[in-house]
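**Q** Converting from the sequence shown to the numbering used here requires adding 10 to each position, the first position being numbered 1.
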Amino acid sequence: MHFLIVKLSSIGDVVHAMPAVVALRRAFPTARLTWVVERVAAPLLLGAPGLDEVIVLDTRGWRRQWHRREVLRQAAACLARLRRYPVDVALDFQGLMKSAAVAWYSRARRRIGFATDALREPPGRLAYTEQVAVSPSEHVIRANLRLVEALGVAPPETYEFWLPPLEDEAAYVAGQLSRQGITGRFALLNPGGGWVTKRWPAANFGYLAELLWRQHGLASVVTYGPGETSLVAQVQAVVRAAPVASFPTNLREYLALARRATVFVGGDTGPLHLAAAVGTPIVGLYGPTSAERNGPFAAADKVVGLDAACRTDCYRRTCQQHICMDISVSLVAQAVGDRLRALS
Numbered sequence: 011m012h013f014l015i016v017k018l019s020s021i022g023d024v025v026h027a028m029p030a031v032v033a034l035r036r037a038f039p040t041a042r043l044t045w046v047v048e049r050v051a052a053p054l055l056l057g058a059p060g061l062d063e064v065i066v067l068d069t070r071g072w073r074r075q076w077h078r079r080e081v082l083r084q085a086a087a088c089l090a091r092l093r094r095y096p097v098d099v100a101l102d103f104q105g106l107m108k109s110a111a112v113a114w115y116s117r118a119r120r121r122i123g124f125a126t127d128a129l130r131e132p133p134g135r136l137a138y139t140e141q142v143a144v145s146p147s148e149h150v151i152r153a154n155l156r157l158v159e160a161l162g163v164a165p166p167e168t169y170e171f172w173l174p175p176l177e178d179e180a181a182y183v184a185g186q187l188s189r190q191g192i193t194g195r196f197a198l199l200n201p202g203g204g205w206v207t208k209r210w211p212a213a214n215f216g217y218l219a220e221l222l223w224r225q226h227g228l229a230s231v232v233t234y235g236p237g238e239t240s241l242v243a244q245v246q247a248v249v250r251a252a253p254v255a256s257f258p259t260n261l262r263e264y265l266a267l268a269r270r271a272t273v274f275v276g277g278d279t280g281p282l283h284l285a286a287a288v289g290t291p292i293v294g295l296y297g298p299t300s301a302e303r304n305g306p307f308a309a310a311d312k313v314v315g316l317d318a319a320c321r322t323d324c325y326r327r328t329c330q331q332h333i334c335m336d337i338s339v340s341l342v343a344q345a346v347g348d349r350l351r352a353l354s
């Protein structure tokens with residue numbers, strides 16, 4: 011039996027598909043599992059246990075340079091790998107036209123995707139032989155599990171995330187923390203996010219770092235992604251006494267860093283979901299997206315949001331008002347304190 015997993019991106023989406031793939035592997039221990047993923051999220055899967063093959067696409071890069079011979083060669087090689095081993099079942103966890111096309115191109119006898127009303131791009135339904143209904147209010151991880159339940163896989167009692175080994179990355183993180191004087195417990199603060207509407211004001215993280223130091227003796231490490239160094243500067247500009255460190259990390263290094271953190275504070279972005287996957291205690295800051303659907307899943311984790319009149323889980327990436335993330339620093343500090351007490 012050969013299963014093709016199609017979950018291309020983003021980072022958080024790939025993380026949310028992992029428990030379903032782990033459950034599939036446990037139900038079919040001798041099956042072949044191939045995962046198709048975009049280049050940006052591939053480091054989460056390459057070398058991960060339980061997968062027989064990872065096929066890495068770079069559709070964004072290919073679109074920019076489609077006329078180059080090398081790009082055409084790379085795309086052709088990926089397509090050939092999709093058909094190297096006959097696929098019995100393709101599972102499309104993405105719900106996009108391009109992910110549905112990957113499932114269709116594999117020539118899988120069964121191609122399973124979500125019901126049409128749950129697809130981000132409904133025409134993708136034409137590629138499926140079966141569709142699975144999900145509730146719009148249930149957590150994304152639970153919705154993903156419904157796809158494998160269509161194959162008779164029992165839902166797991168706890169969510170498992172199979173990630174690649176991180177020994178080298180852990181050594182890098184330890185060295186960086188030591189050089190910047192972070193020797194004890196620390197909060198991992200993430201002011202960034204792909205959507206502007208998901209971001210809590212960066213300076214608030216600096217004020218929060220001061221409170222966490224005074225109230226809990228907790229240092230802070232500010233993490234950031236490409237193009238987000240200005241957010242780190244805004245955090246550090248308001249810090250007076252609290253020890254605050256920051257250094258660059260790639261995806262795997264970030265995972266190693268999150269494993270060491272005492273608590274994570276940030277919005278509904280990939281770093282939050284990665285931290286949750288490695289078991290870091292979470293305080294999530296939620297505005298335009300649904301914490302019920304996208305939030306941390308550990309019972310003790312905390313979600314903080316403003317009960318704004320306009321807040322309807324709008325999922326807007328831009329907003330002129332943007333008041334749903336106008337959450338007070340004291341409220342977030344209180345949630346962190348509650349989450350720390352749950353650890354003791």
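Ideal Cβ positions, reconstructed from N, Cα and C, are used throughout, including at glycine.
Tell me whether the stretch 144–158 and the stretch 297–304 touch, counting them as touching only if at least three CB pairs, one residue from each stretch, are closer than 8 Å.
**A** The stretch 144–158, when compared against the stretch 297–304, does touch it at the 8 Å Cβ threshold.
**Q** Roughly how many angstroms separate the alpha carbons of Ala386 and Val158, rounded to a whole number?
**A** Past the edges of the chain, shown from 11 to 354, lies residue 386, and the structure says nothing about it.
**Q** Does the beta-carbon distance from Gly194 to Ala229 come in below 8 Å?
**A** One-based indexing of the sequence shown puts residue 194 at position 184. One-based indexing of the sequence shown puts residue 229 at position 219. Going by C-beta atoms, Gly194 is nearer than 8 Å to Ala229.
**Q** Measure the Cβ-Cβ separation of Pro355 and Leu261 and say whether it is below 8 Å.
**A** The first residue shown for the chain is 11 and the last is 354, placing residue 355 beyond what the model contains.
**Q** Excluding the 5 residues preceding and the 5 following His332 in the sequence, name in chain order all residues of the same chain whose CB lies nearer than 7 Å to its CB.
**A** In the sequence shown, residue 332 corresponds to position 322, counting from 1. The residues are Thr207.
**Q** Taking the Cβ atom as the reference point for each residue, do Pro201 and Ala212 lie within a distance shorter than 8 Å?
**A** Within the sequence shown, the letter at position 191 stands for residue 201. Within the sequence shown, the letter at position 202 stands for residue 212. Yes, they are a contact pair.
**Q** For Val288 versus Ala345, is the C-beta distance shorter than 8 Å?
**A** The count along the sequence shown starts at 1 and reaches residue 288 at position 278. The count along the sequence shown starts at 1 and reaches residue 345 at position 335. Contact flag unset, no.
**Q** Report the residue from Pro175, Ala51, Gly57, Asp178 whose alpha carbon sits nearest the alpha carbon of Thr69.
**A** Indexing the sequence shown from 1 puts residue 69 at position 59. Looking at the Cα atoms, Ala51 is the closest of the given residues.
**Q** Whole-angstrom Cβ separation of Ala118 and Asp98, contact assumed at under 8 Å?
**A** Residue 118 sits at position 108 when you count from the first residue of the sequence shown. Residue 98 sits at position 88 when you count from the first residue of the sequence shown. About 6 Å separates the two Cβ atoms, so the contact holds.
**Q** Take Thr259 and list the residues in its own chain whose beta-carbon comes closer than 7 Å to its own, dropping the five residues that flank it on each side.
**A** As a working mapping, residue 259 is identified with position 249 in the sequence shown. For Thr259, where only same-chain residues beyond five positions count, the Cβ hits under 7 Å are Thr233, Leu267.
**Q** Measuring only the C-alpha atoms, how far is Pro146 from Val66?
**A** Counted from its first residue, the sequence shown places residue 146 at position 136. Counted from its first residue, the sequence shown places residue 66 at position 56. Taking the straight line joining both Cα atoms gives about 29 Å.
**Q** With a Cβ-Cβ cutoff of 8 Å, do Tyr217 and Val46 count as a contact?
**A** Within the sequence shown, numbered from 1, the residue matching residue 217 stands at position 207. Within the sequence shown, numbered from 1, the residue matching residue 46 stands at position 36. Contact flag unset, no.
**Q** Is it buried or exposed, Pro281, if we count other Cβ atoms within 10 angstroms and call 16 or more buried?
**A** Within the sequence shown, residue 281 is the residue found at index 271, counting from 1. Pro281 should be labelled buried.
**Q** Going along the chain, which residues of its own chain have a beta-carbon closer than 6 Å to the beta-carbon of Leu221, five neighbours each way excluded?
**A** Position 211 of the sequence shown, counting from 1, holds the residue named residue 221. Closer than 6 Å at Cβ, skipping near neighbours: Ala343.
**Q** Starting from Ser240, trace the beta strand (DSSP E) in both directions and tell me its first and last residue.
**A** One-based indexing of the sequence shown puts residue 240 at position 230. Per DSSP, Ser240 belongs to no beta strand (DSSP E); it is in the alpha helix (DSSP H), 239–247.
**Q** Whole angstroms is fine: what's the gap from Tyr169's alpha carbon to Thr44's?
**A** Within the sequence shown, residue 169 is the residue found at index 159, counting from 1. Within the sequence shown, residue 44 is the residue found at index 34, counting from 1. Roughly 20 Å between the two C-alpha positions.
**Q** What are the uninterrupted segments assigned as alpha helix (DSSP H) that are 4 or more residues long and contained completely in the stretch 61–107, given in chain order?
**A** Qualifying alpha helix (DSSP H) stretches, in chain order: 69–74, 79–92.
**Q** In this structure, how does DSSP classify Arg156 when only helix, strand and coil are distinguished?
**A** Within the sequence shown, numbered from 1, the residue matching residue 156 stands at position 146. DSSP places Arg156 in helix when its eight states are reduced to three.
**Q** Check the C-beta distance from Phe3 over to Ala271 and give it rounded, since I have them as a contact under 8 Å.
**A** Beyond the ends of the chain as shown, which are 11 and 354, falls residue 3; an answer cannot be given.
**Q** Helix, strand or coil: how does DSSP classify Ala41 here?
**A** In the sequence shown, the residue the question calls residue 41 occupies position 31. Coil.
**Q** Spatial neighbours of Ser116 within its chain, please: C-beta separation below 8 Å, excluding the five flanking residues on both sides.
**A** Position 106 of the sequence shown, counted from the start, is the residue given in the question as residue 116. Cβ within range, chain order: Leu14, Leu92, Arg93, Val97, Ala100.
**Q** Which runs of the beta strand (DSSP E) spanning at least 3 residues fall entirely within the stretch 157–220, listed in chain order?
**A** You should have 196–200.
**Q** In terms of alpha-carbon separation, which member of Asp348, Asp323, Val24 lies closest to Gln225?
**A** Sequence index remark: in the sequence shown, residue 225 carries index 215 (1-based). Checked all of Asp348, Asp323, Val24; the closest Cα to Gln225 is Asp348.
**Q** If His283 sits next to Val25, beta carbons under 8 Å apart, how far is it from one beta carbon to the other, in whole angstroms?
**A** Translated into the one-based positions of the sequence shown, residue 283 becomes position 273. Translated into the one-based positions of the sequence shown, residue 25 becomes position 15. Their Cβ separation, rounded to whole angstroms, is 4 Å, which keeps His283 and Val25 in contact under 8 Å.
**Q** Spell out the partners DSSP gives Gln141 in its beta bridges.
**A** Taking the sequence shown and counting its residues from 1, one reaches residue 141 at position 131. Paired residue(s): Gly123.
**Q** Report yes if the CB atom of Arg121 is closer than 8 Å to the CB atom of Ala143, and no otherwise.
**A** As a working note, residue 121 is residue 111 in the sequence shown. As a working note, residue 143 is residue 133 in the sequence shown. Not closer than 8 Å, so no.
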